[in-house]
Amino acid sequence: MSAIATRLAEIQDRIERARTVAGAGAVELVGVTKLHPPEAIEAALAAGLVAFGENYAQELADKRARLTDPRLRWHMIGPVQSNKAKRVVGCTLVHTVDRPSIIGALDRHAAPMRQEVLVQVNVTAEPGKSGVLPAGLAELLDAFAPCTSLVCVGLMLIPRPGPDDALREQFQALRRLRDEHAARARTNIELRELSMGMSDDFELAIAEGATIVRVGTAIFGARASAH
Numbered sequence: 090m091s092a093i094a095t096r097l098a099e100i101q102d103r104i105e106r107a108r109t110v111a112g113a114g115a116v117e118l119v120g121v122t123k124l125h126p127p128e129a130i131e132a133a134l135a136a137g138l139v140a141f142g143e144n145y146a147q148e149l150a151d152k153r154a155r156l157t158d159p160r161l162r163w164h165m166i167g168p169v170q171s172n173k174a175k176r177v178v179g180c181t182l183v184h185t186v187d188r189p190s191i192i193g194a195l196d197r198h199a200a201p202m203r204q205e206v207l208v209q210v211n212v213t214a215e216p217g218k219s220g221v222l223p224a225g226l227a228e229l230l231d232a233f234a235p236c237t238s239l240v241c242v243g244l245m246l247i248p249r250p251g252p253d254d255a256l257r258e259q260f261q262a263l264r265r266l267r268d269e270h271a272a273r274a275r276t277n278i279e280l281r282e283l284s285m286g287m288s289d290d291f292e293l294a295i296a297e298g299a300t301i302v303r304v305g306t307a308i309f310g311a312r313a314s315a316h
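Numbers 90 to 316, taken from this note's numbering, label the letters of the sequence shown in order.
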C-alpha cells in the first residue's frame, strides 16, 4: 500500500505543475477505485486523498457503508440507471447524468437534501456512447427546472482516445459548451465544473480548463479482475 502513497504524490505533483503552467485555479483529484478493495482507499486516504470515484452503483453503496471516515468525498462516475438512483444519492457528486429520466429519479430519491450532479456530454457523437449530444444539451439543462433537490454544477466528458491534438479539441469543445450555457440563467443550473481528464491525459485536460480529473490506474495500479 506504500506504493499507492508514492504514486499519489507523483500525480499530485504533476497536477500542480500543470495547474501552474495553465494559470488555472483549483483542480480536484478524484481517485478512481472501481474494483479496488477498501484497503486501497484507506491507504490513499491516509496519504491525503479524500475524493474517490466509483463506476458501479452497488459497489459505491457497499464501500460507502463500510468506509465511514467523514473526510471521504464519494463521486459516482459510471452510468446511472433509474432503478439504481437511490444507491448513489448522498454522494458528493454524480458525474454521469445524460437523460431526463435520470434527473427525475435522482431528484425524487435525493429529497429533501441538495444533490449536485454533472451532465455527461458525448461531444464527438460516438455511437453507443453515454452522454447527451451537444445539440441536446440545452433541452436537458432545461429539464432541471422543476427539481426540488437536484442541481447541475457542470459538465463531464469521457474522451475518445486519440492523439493529443484530438484530445485537446474534445476538452476545448466541452469548455465552450460550459461557458456558452453558463451565460444563460436557468433554474437549478450552476455551471462551474469541468470533469475531464484521466490517467493518460489529465495534464492536457487541466491545460484546457478541467476543474476535476479522474485518475485510477496511475495511482492504484491495474485492477485485479473485471466486474
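Even glycine gets a Cβ: it sits at the ideal position worked out from N, Cα and C.
query: Hey, quick one: how far does the beta strand (DSSP E) through Thr181 stretch, first residue to last?
result: It is not in any beta strand (DSSP E) - Thr181 carries neither H nor E in the DSSP assignment.
- request: State the Cα-Cα distance for the pair Thr237 and Ala111, rounded to the nearest angstrom.
  value: Straight-line Cα distance between these residues: approximately 37 Å.
query: Considering only C-alpha positions, which residue in the set His164, Leu222 and Ile192 is nearest to Ala262?
result: Leu222
query: For His270, which of helix, strand or coil comes out of DSSP?
result: helix
Where the alpha helix (DSSP H) containing Ala154 begins and where it ends: Ala146 to Arg155
- request: Check the DSSP bridge columns for Arg162 and list the partner residues they point to.
  value: Beta-bridge pairing links Arg162 to Ala140.
task: Kindly indicate the opening and closing residues of the beta strand (DSSP E) around Arg281.
output: Ile278 to Ser284
message: Measuring straight from C-alpha to C-alpha, what distance separates Val169 and Arg103?
response: 31 Å
message: For Asp290 and Ala200, I'd like the C-alpha separation in whole angstroms.
response: 36 Å
message: So for Ile247, helix, strand or coil by DSSP?
response: coil
task: Tell me whether the beta-carbon of Ser288 lies closer than 8 Å to the beta-carbon of Ala307.
output: yes
task: Could you check if Val206 is buried or exposed, using at least 16 other CB atoms within 10 Å of its CB as the buried criterion?
output: Buried, by the Cβ-count rule.
field: Ala234 versus Ile93 - alpha carbon distance
entry: 42 Å
message: Can you check which of these residues, Arg257, His270, Ala255 and Asp187, is closest to Ala227 by C-alpha distance?
response: The residue from Arg257, His270, Ala255 and Asp187 with its alpha-carbon nearest to that of Ala227 is His270.
- request: Return the bridge partner residues of Cys241 from the DSSP annotation.
  value: Val206 and Ile278
- prompt: At what residues does the beta strand (DSSP E) containing Gly193 begin and finish?
  reply: Looking at the DSSP string, Gly193 is not in any beta strand (DSSP E); the run it does join, the alpha helix (DSSP H), is Pro189 to Ala199.
- prompt: Grouping DSSP H, G and I as helix and E and B as strand, with all else coil, what is Glu374?
  reply: Examination of residue 374 is not possible in this model, given that the chain is present from 90 through 316 alone.
task: Measure how close the beta-carbons of Thr300 and Val116 come, nearest whole angstrom, since I'm counting them as under 8 Å.
output: Right, the Cβ-Cβ distance comes to about 6 Å (below 8 Å), so this counts as a contact.
Limits of the beta strand (DSSP E) - the one that Arg303 falls within: Ile301 to Val304
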